[in-house]
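As structure tokens, the structure follows; a few thoughts come after it.
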Amino acid sequence: MIDIDSLHNPDRMGTNPGDPLPRLEGHVSHGRFEQVLRAGHFAVTTEIAPPDSADPTEVLRRASLFDGYVDAINATDGSGANCHMSSLAVCAILTRAGYSPILQVSCRDRNRISIQGDTLGAAALGVCNVLCLSGDDVSAGDHPEAKPVFDLDSISLAKTIRTMRDDSQFLSGRKLDLAPRLFIGSSINPFVPPIDNRADQLAKKIDSGAEYIQSQYCFDVPVLKEFMAKARDLGLTEKAYIIIGVGVLPSAKTAKWMRANVPGVHIPDEIIRRQEQAEKPKLEGRKICAEIMQQVKEIEGVAGVHVMAYRQEQWVGDVVKRSGVLGDRKPWAPEKSFADIQAIT
Amino acid sequence: MSYRVRLFAIRHSRFFEALYNAVNPAIVGTLKGVDKVFGKKLDRPITAMEAGLKGLLFDCQMCGNCALSKTGMSCPMNCPKTIRNGPCGGVRADGTCEVKPEMKCVWVQAWDGSTRMKGGEAIKDIEFAVDHRDKGKSTWLRIARGEIAEKVSDRH
């Protein structure tokens, strides 16, 4: 029998890094990620690519690349509609090592029965953050013949999780014995049509329960500035933490490919030209990312950056350091590094 | 053909909103009478009529949870992800759908259509996921029988 009180009482917590933190006044979750944001720090998050493997150490190895540079790690849920280790499993493994994972939940593969069960289970495993996504269509991935579910959309999903957390019940009205203490997030893409309505849509996402927002890749700062101005006018930056997605591009060729093939990615020609003309394109890609991070931090109402570096994860630390957005702050990292753990076992 | 009619309906969303508001009470009123006299006997032809008319005009998919009046007269069930609070983040730069590039994004159309409607602000309200038990049912008959509110904004 789990001692429920230990979830709230720091004196009764163990020494395991995966044990939940005490929930602070006014906080919805026990998580470190929420604490960083509510304390007013500029947060840095990143994305882990779940392995095509049943090996848990591979998850820890991938996470260790970010040690000391990020406040939370998003575990993608079949991103691009490709099959990988589940986000729930990745989060459970990361939680045990003390990391603050963000459980990405896509509506593509599961209906409301499955999603409610999984989010409740995630909270039981110590996961404190969830990101509600509609998800890429099955046609984008490696199983285009699969049945797309889309029983909920991202807004209905956020509302569902909020119902479970705040009303302590399932959508059916059946009561929960212990509500899942999840910090609820949602996504926004301010860079694709209908650009004029994206702030209105952000308002809907926040109304549905989103307490933080992670955006799609920002390579176009002027467009973001306009979006943020609208968000501020609607009072939305007071209601949710807006975290802006930034990307590390390895080459102009990849940038062009992404622009043409990854849904919702907008990369202006100047960025591609700059990388094309650079002597060291890889380094230039990291410089571009760091510069955008600095510019984004200056925009009023931006609470953090979300660094997406698919197949370039080893460079996340480099761009964070280069950008200087963390100032003197060093995000939590396990005391024993992954290399130490490997040496012991 | 039907796709072009759908785009026409969204372009003239203000007219169709007015038409809908004018005609809907008449249809519902008539159906209330029909329901009293015939019960459920005429459900199939009535449902077929609704499917035919709304199918022609809006590519209606008969989800049974009609939200046209709050989605700029653009039926959200034509979205390949059947998103009820869209659009998703995958819209192409030219406003077409990420899944079906030959089709304009249903939700780009919805936000556009709603700008011309008197009740256009309703698109900003959250529409919870559809009740899949209602698929294929006539929304008109359900309103006539008091199963759902006449105004979409009063539902849930």
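Protein sequences, first through last, are from chains A and B.
Read in order, the letters of the first sequence correspond to residues 348 to 692 in the numbering used here.
Read in order, the letters of the second sequence correspond to residues 1078 to 1233 in the numbering used here.
Yeah, the Cβ is synthetic: ideal placement off N, Cα and C, and Gly gets one too.
Residue from 1217/B, 1227/B, 1190/B, 1224/B with nearest C-alpha to residue 1108/B: Your numbering for residue 1108/B matches position 31 in the second sequence. Comparing Cα positions, the closest option is 1217/B.
Proximal chain A residues relative to residue 1165/B, where beta-carbon distance stays under 7 Å: Counted from its first residue, the second sequence places residue 1165/B at position 88. Residues of chain A passing the Cβ test: 481.
Inside the segment 503-556 of chain A only - alpha helix (DSSP H) runs reaching at least 4 residues: 545-555
Environment of residue 1181/B [buried if 16+ CB atoms lie within 10 Å]: Start at 1 with the first residue of the second sequence, and residue 1181/B comes out as number 104. The residue in question, residue 1181/B, is buried, as its Cβ has 16 or more Cβ neighbours within 10 Å.
Residue range of the beta strand (DSSP E) that includes residue 684/A: Counted from its first residue, the first sequence places residue 684/A at position 337. Note, residue 684/A: premise wrong, no beta strand (DSSP E); not H, not E.
Minimum Cβ-Cβ distance from residue 486/A to chain B less than 7 Å: Here residue 486/A refers to the residue found at position 139 of the first sequence. Residue 486/A counts as touching chain B.
Where residue 1083/B falls, given that 16 or more other Cβ within 10 Å makes a residue buried: One-based indexing of the second sequence puts residue 1083/B at position 6. Classification for residue 1083/B: buried.
Host alpha helix (DSSP H) of residue 1216/B (start-end): Residue 1216/B sits at position 139 when you count from the first residue of the second sequence. Start and end: 1216-1221.
Residues near residue 430/A in its chain [Cβ-Cβ closer than 7 Å; skip 5 each side]: To locate residue 430/A, count along the first sequence from 1; it is residue 83. Counting only Cβ-Cβ distances below 7 Å, and skipping sequence neighbours, we find 489, 490.
Test item: CB-CB of residue 459/A and residue 499/A under 7 Å: Taking the first sequence and counting its residues from 1, the one referred to as residue 459/A is at position 112. Taking the first sequence and counting its residues from 1, the one referred to as residue 499/A is at position 152. Contact flag set, yes.
Pair within 7 Å by beta-carbon distance, residue 1168/B and residue 540/A: Here residue 1168/B refers to the residue found at position 91 when the second sequence is read from its first residue. Here residue 540/A refers to the residue found at position 193 when the first sequence is read from its first residue. For residue 1168/B and residue 540/A, yes; Cβs fall inside 7 Å.
Sequence-distant residues of its chain with Cβ nearer than 8 Å to residue 423/A (five each side left out): For the purposes of this step, residue 423/A is taken as the residue at position 76 of the first sequence. Closer than 8 Å at the Cβ level, and outside the excluded window around residue 423/A, lie 394, 395, 396, 397, 431, 434, 451.
Beta-carbon proximity of residue 1142/B to residue 1202/B, cut-off 7 Å: The residue you call residue 1142/B lines up with position 65 of the second sequence. The residue you call residue 1202/B lines up with position 125 of the second sequence. It is not a contact, given that the beta carbons lie outside the stated cut-off.
C-alpha gap between residue 1089/B and residue 418/A, whole angstroms: Looking up residue 1089/B in the second sequence gives position 12. Looking up residue 418/A in the first sequence gives position 71. Roughly 49 Å separates the two Cα atoms.
Segment contact, 8 Å Cβ cut-off, at least three pairs: the segment 383-394 of chain A with the segment 645-654 of chain A: yes
Span separating the alpha-carbon of residue 360/A from that of residue 367/A: Within the first sequence, the letter at position 13 stands for residue 360/A. Within the first sequence, the letter at position 20 stands for residue 367/A. Caution applies to residue 360/A, whose pLDDT of 49 falls short of 50 and renders its modelled position unreliable; the value that the coordinates give is listed next. Answer to the nearest angstrom: the Cα atoms are 8 Å apart.
Test: residue 1206/B CB closer than 7 Å to a CB of chain A: Indexing the second sequence from 1 puts residue 1206/B at position 129. Answer yes: the Cβ-Cβ gap between residue 1206/B and chain A drops below 7 Å somewhere.
Burial state of residue 1095/B (16 or more Cβ within 10 Å): As a position in the second sequence, residue 1095/B is number 18, starting the count at 1. Classification for residue 1095/B: exposed.
Contact set between residue 498/A and chain B, taken where Cβ atoms lie within less than 7 Å: In the first sequence, residue 498/A corresponds to position 151, counting from 1. Chain B residues near residue 498/A: 1206.
C-alpha gap between residue 1219/B and residue 1209/B, whole angstroms: Here residue 1219/B is taken as the residue at index 142 of the second sequence, counted from 1. Here residue 1209/B is taken as the residue at index 132 of the second sequence, counted from 1. The straight-line gap from Cα to Cα measures roughly 14 Å.
Continuous alpha helix (DSSP H) stretch holding residue 451/A: start and end: Here the question's residue 451/A lines up with position 104 in the first sequence. Segment 448-453 is the beta strand (DSSP E) holding residue 451/A; no alpha helix (DSSP H) there.
Where the segment 508-541 of chain A meets chain B: residues whose CB sits under 8 Å from a CB there: 534, 535, 536, 539, 540, 541
Candidates 659/A, 597/A, 561/A: closest to residue 591/A by CA position: As a first step, residue 591/A is located in the first sequence; it is residue number 244 there, counting from the start. Looking at the Cα atoms, 561/A is the closest of the given residues.
Beta carbon of residue 1154/B nearer than 7 Å to that of residue 1190/B: For this step, residue 1154/B is matched to residue 77 along the second sequence. For this step, residue 1190/B is matched to residue 113 along the second sequence. In this structure, residue 1190/B does not lie closer than 7 Å to residue 1154/B by Cβ.
Whole runs of the alpha helix (DSSP H) within the segment 1163-1200 of chain B, excluding any shorter than 4 residues: 1183-1192
Own chain, CB closer than 6 Å to residue 664/A, minus 5 neighbours either side, in chain order: Within the first sequence, residue 664/A is the residue found at index 317, counting from 1. Within the same chain, residue 664/A has close Cβ partners 416.
Within chain B, partners of residue 642/A - CB distance below 8 Å: If you number the first sequence from 1, residue 642/A lands on position 295. Those within 8 Å of residue 642/A in chain B number zero; the least Cβ separation is about 21 Å.
Where the segment 1197-1222 of chain B meets chain A: residues whose CB sits under 9 Å from a CB there: 1200, 1201, 1202, 1203, 1204, 1205, 1206, 1207, 1209
Same chain only: Cβ atoms within 7 Å of residue 633/A, ignoring 5 sequence neighbours per side: Here residue 633/A is taken as the residue at index 286 of the first sequence, counted from 1. Within the same chain, residue 633/A has close Cβ partners 595, 662, 665, 666, 669.
CB contact check: residue 551/A to chain B, cutoff 7 Å: The sequence position of residue 551/A within the first sequence is 204, counting from 1. Taking Cβ atoms only, chain B reaches closer than 7 Å to residue 551/A, which makes this a yes.
Member of 462/A, 685/A, 646/A whose CA lies at the smallest distance from the CA of residue 579/A: The residue labelled residue 579/A in the question sits at position 232 within the first sequence. Residue 646/A is the option with its Cα nearest to residue 579/A.
C-alpha distance - residue 442/A paired with residue 474/A, whole-angstrom precision: Residue numbering aside, residue 442/A sits at position 95 when the first sequence is read from its first letter. Residue numbering aside, residue 474/A sits at position 127 when the first sequence is read from its first letter. Cα to Cα, residue 442/A sits roughly 7 Å from residue 474/A.
Interface residues of chain B facing residue 613/A [CB-CB closer than 9 Å]: By one-based count along the first sequence, residue 613/A stands at place 266. Chain B residues near residue 613/A: 1170.
Neighbour-count burial assignment, residue 624/A, 16 or more Cβ in a 10 Å radius: Numbered from 1 along the first sequence, position 277 holds the residue referred to as residue 624/A. The residue in question, residue 624/A, is exposed, as its Cβ has fewer than 16 Cβ neighbours within 10 Å.
7 Å CB neighbourhood of residue 1086/B in its chain, flanking five on each side removed: On the second sequence, residue 1086/B is found 9 positions in, with the first residue counted as 1. If we look at residue 1086/B and ignore the five residues flanking it on each side, its Cβ neighbours are 1093, 1134, 1135, 1150.
Beta carbon proximity, residue 547/A to chain B, threshold 7 Å: Residue mapping note: residue 547/A aligns to position 200 of the first sequence, counting from 1. So, interface residue.
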